[in-house]
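Remarks on the structure that follows.
There are 2 protein chains.
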Amino acid sequence: MPQITLKDIANKLGLSKATVSKALNGSFEISDATKKKVLHAARLLNYTPNQVAVNLRKKQTKTIGVIIPTTVHHFFSKIIDGIIKRAEKDEYLVILLQSNENFSLEKKQVNLLLDKRVDGILISLSNKTNEFVHLNKIIKRNVPLVLFDKIEPSIPCSKVVIDDFKAAYNSVVYLIKKGYKKIAHFRGDFNPKNAVDRFEGYKQALIDNNIEFDPTLVFMCNNNADFEDGYASAKKMITTGIKVDAIFAITDLIAIGAIKYLREQQVKIPEDIAVFGFSNWFMSSVVTPTLSTVDQPAYKMGEMSMEILLSEIRNLQQHNDITHKEVVLPTKLVIRNSC
Amino acid sequence: MPQITLKDIANKLGLSKATVSKALNGSFEISDATKKKVLHAARLLNYTPNQVAVNLRKKQTKTIGVIIPTTVHHFFSKIIDGIIKRAEKDEYLVILLQSNENFSLEKKQVNLLLDKRVDGILISLSNKTNEFVHLNKIIKRNVPLVLFDKIEPSIPCSKVVIDDFKAAYNSVVYLIKKGYKKIAHFRGDFNPKNAVDRFEGYKQALIDNNIEFDPTLVFMCNNNADFEDGYASAKKMITTGIKVDAIFAITDLIAIGAIKYLREQQVKIPEDIAVFGFSNWFMSSVVTPTLSTVDQPAYKMGEMSMEILLSEIRNLQQHNDITHKEVVLPTKLVIRNSC
DNA sequence: TTGTAAGCGTTATCAT
DNA sequence: ATGATAACGCTTACAA
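Protein chains in written order, with the numbering used here: chain E, 99 to 437; chain D, 99 to 437.
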């Protein structure tokens, strides 16, 4: 059954398309009588405007594009949740794309979104992204852009992040205050900024507490930053005879991998070695022992990114000048039984 | 900077819009010479076609809509992964919406997608959905629809599901073969079909093995089917003095909640009580003890749903008749240490 | 208060 | 081989 159009209603009622359109949009120019007639006919015929036509005419699509490294990730799925819910409030639709940690895919996806004429774009950069022409292209095209979590500081756009440095710093300080002195760090080399910031936080916490930084206590988890990496690093640490009394892991998954190995080796947690994670995945609350970790406000991050994007879109449409925001969301320590 | 259009290129080159369009689309009517000129100019000006205009003209958007209950769920996020990856292969974009287990929201979202003129729709029904006019509307509008996971059998469209009955049946048979005789079931009352099917599978397995079905061993987890529910049900079971030697839980999360309570009470797993889950979340492989469970092919389910949707879209465009498929994806038991 | 007509940026048909 | 024109379905000056 072919879609009903304005023209159909106009013909049926002996009115012009213009009048029908105005009536449907509640224009004050139209008499109540015809408004009623039009509305009634529209309901009867089950008419709804073809948004593609509306979009073309109005030059806005009420759609925004989101590019993230992967959806299969507790942190990112909560961010998506926040993004979609916030978008819905303003009747925006969300196109979701995964870069899959692939830079050239990310570039391609930016172009797709631009061609789709989305009203704004939200990106969490892939770990491989080290060039930024695609981002600058977005900006040059005057499409609002907000970077979140995995960002590039030099891009002139709004950004929403977590203070990784501070969160790591606080975690390690917490460990130190509890009496741990030989604290290993299981780090990642990939998600450039986050991993580096956490590492720096770790280091600074040691220094500020008069504990000498010992590079041999730092283990690089550069495989995939996942469970296996934590397991392998713990194994490497134990088998090479490196003695520590605590581990600060860059990720819950890595922490849990480490826990698994330690438990297999009858290492008591936290008595022999304490473990601290990062992210507060749900999983952390059910492993044995339950994992102390850093809670990241993922939902909030998505919501906030969308919020800022929407306000920039609004400002753009109203020809107000837009000022970029840089939001640093607070994290908090969640102390459980692993330290 | 205003977007470059066909007209700009045409003017610059002293050609007509028509010629430029044809050249850009590689039409055989256009001479190689002008093709080259046009392509060069297009590249120079950084021209890319406005997809909104293309969509209006071609009456197709190369976009499909997906409605799921929630993104924050390991199972669903893997499905989304499968959907997006498959869509991308055919250069389709995906609009993602969450019904949030809210029926009226689901209805509204269907309308949004229809107005957006998406080329097809993928839905996993909310637990509250008990009317189906919105689905029939999609079909009446001739928009391809595929239902997955949470489906309604009576709707004339393609469906992709898991054989919940069989998976539950096999799990319980496995428990029985291992010698367990008093097997409790922690069930859910909500996601209608899945929960019921699993319950029926459980029951049938008992009957087929000459174990009398005992309704007092069935615990309803109708809060949210989550961790807390499993914990509470286990508590109820133990405190009311009901003796069992195994638990078949409808969900890993519920199983893990149960495990938590049992361990707190010094109940040995699996020696005193065995536990069997359902879904094979990653988490199941890291809890203590690691959880035996049913692996659901989530990624495959997303991929397959999209695959079928795309083929229906293709058939529709080519005016072939479309036949609906009903795919039942196989599951498999993952045996770990909890039974 | 209603209608006419142009235009959004394409593609497709039919001339030339 | 190229171009004029209409059409996709809507909104919006501007006229009536």
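In this text, a Cβ means the ideal position worked out from N, Cα and C, and glycines have one as well.
Predicted model, so just to flag it, every value in this text is computed and none were measured.
Proximity of E:Met381 to chain D, defined by a Cβ-Cβ separation below 8 Å, is satisfied. About 10 Å separates the beta carbon of E:Gln196 from that of D:Ile181, a gap too long to meet the 8 Å contact definition. In the DSSP assignment, D:Ile162 falls within the beta strand (DSSP E) that extends over Thr161 to Ile166. Residues of chain D whose Cβ lies closer than 8 Å to the Cβ of E:Ile182 are, in chain order, Thr169, Leu194, Leu195 and Gln196. Closest by C-alpha distance to D:Ser256, out of D:Ile340, D:Phe346, D:Val241 and D:Asn307, is D:Val241. At a beta-carbon threshold of 7 Å, the residues of chain E lying near D:Val150 are Val150, Asn153, Leu154, Thr159 and Arg215, ordered along the chain. Listed along chain D, the residues sitting closer than 8 Å to E:Asp179 by beta-carbon distance are Thr168, Thr169, Val170 and Gln196. A straight line joining the alpha-carbon of E:Val258 with that of E:Ser224 spans about 16 Å.
E:Ser390 has E:Phe374 as its beta-bridge partners, per DSSP. For E:Glu424, the enclosing beta strand (DSSP E) covers residues Glu424 to Leu427. Of all residues in the segment 371–399 of chain E, only Met381, Val384, Val385 and Thr386 place a beta-carbon less than 7 Å from a beta-carbon of chain D.
Between the segment 346–358 of chain D and the segment 375–391 of chain D, the count of Cβ pairs shorter than 8 Å is three or higher; the stretches touch. According to DSSP, residue pairing for E:Arg184 in a beta bridge does not occur. E:Gly218 sits in a strand when the DSSP states are folded into three classes.
Collapsing the DSSP output to three states places E:His417 in coil. Secondary structure note for E:Gln207: it is in no beta strand (DSSP E), and the uninterrupted alpha helix (DSSP H) holding it is Phe201 to Asp213. Leaving aside the five residues that flank E:Val342 on each side, the residues in its chain whose CB is nearer than 8 Å to its CB run, in chain order, Lys280, Ile281, Ala282, Leu315, Met335 and Ile371.
The DSSP-derived three-state label of D:Val152 is helix. Identification of residues in the segment 245–271 of chain D having a C-beta nearer than 8 Å to some C-beta of chain E yields an empty set.
Boundaries of the alpha helix (DSSP H) harbouring E:Lys133: Asp130 to Leu143, taken from the DSSP string.
Excluding sequence positions up to five before and after E:Pro368, its CB lies within less than 6 Å of the CB of Ser436 and Cys437, all in the same chain and listed in chain order. E:Ala344 and E:Ala266 have their alpha carbons spaced roughly 14 Å apart. Among the CB atoms of chain D, none fall inside 8 Å of the CB of E:Thr103. The criterion of a C-beta distance shorter than 8 Å is satisfied by D:Ala139 and D:Ile107. Under the rule that a run must span 3 or more residues, the beta strand (DSSP E) segments found entirely inside the segment 254–321 of chain E read 256–260, 281–285 and 316–318. Straight-line spacing of the CA atoms in E:Tyr272 and E:Phe201 works out to 37 Å. DSSP, reduced to helix, strand and coil, places D:Leu233 within a helical segment of the structure shown.
Here D:Ile406 is not near D:Asn413, since their CB atoms are 8 Å or more apart. Distance from D:Ile166 to D:Ala185 at the Cβ level is roughly 14 Å; contact not present, criterion being Cβ atoms closer than 8 Å. Residues Ile253 of the same chain have their beta carbon placed closer than 6 Å to that of D:Leu233, with the five preceding and five following residues left out of the count. Counting every other CB atom within 10 Å of its CB across the protein chains shown gives D:Ile219 a total of 16 or more, marking it as buried. A Cβ of chain E is located within less than 8 Å of the beta carbon of D:Thr146.
A contact between stretches requires three or more CB pairs, one per stretch, nearer than 8 Å, and the segment 426–435 of chain E meets this requirement with the segment 388–395 of chain E.
Residue E:Glu250 holds the alpha-carbon nearest to the alpha-carbon of E:Glu424 among E:Lys333, E:Glu250 and E:Gln149. Within chain E, the residues whose beta carbon sits less than 8 Å from that of D:Ile354 are Val384, listed in sequence order. Within the segment 343–367 of chain E, the residues whose Cβ lies closer than 7 Å to any Cβ of chain D are, in chain order, Ile354 and Lys358.
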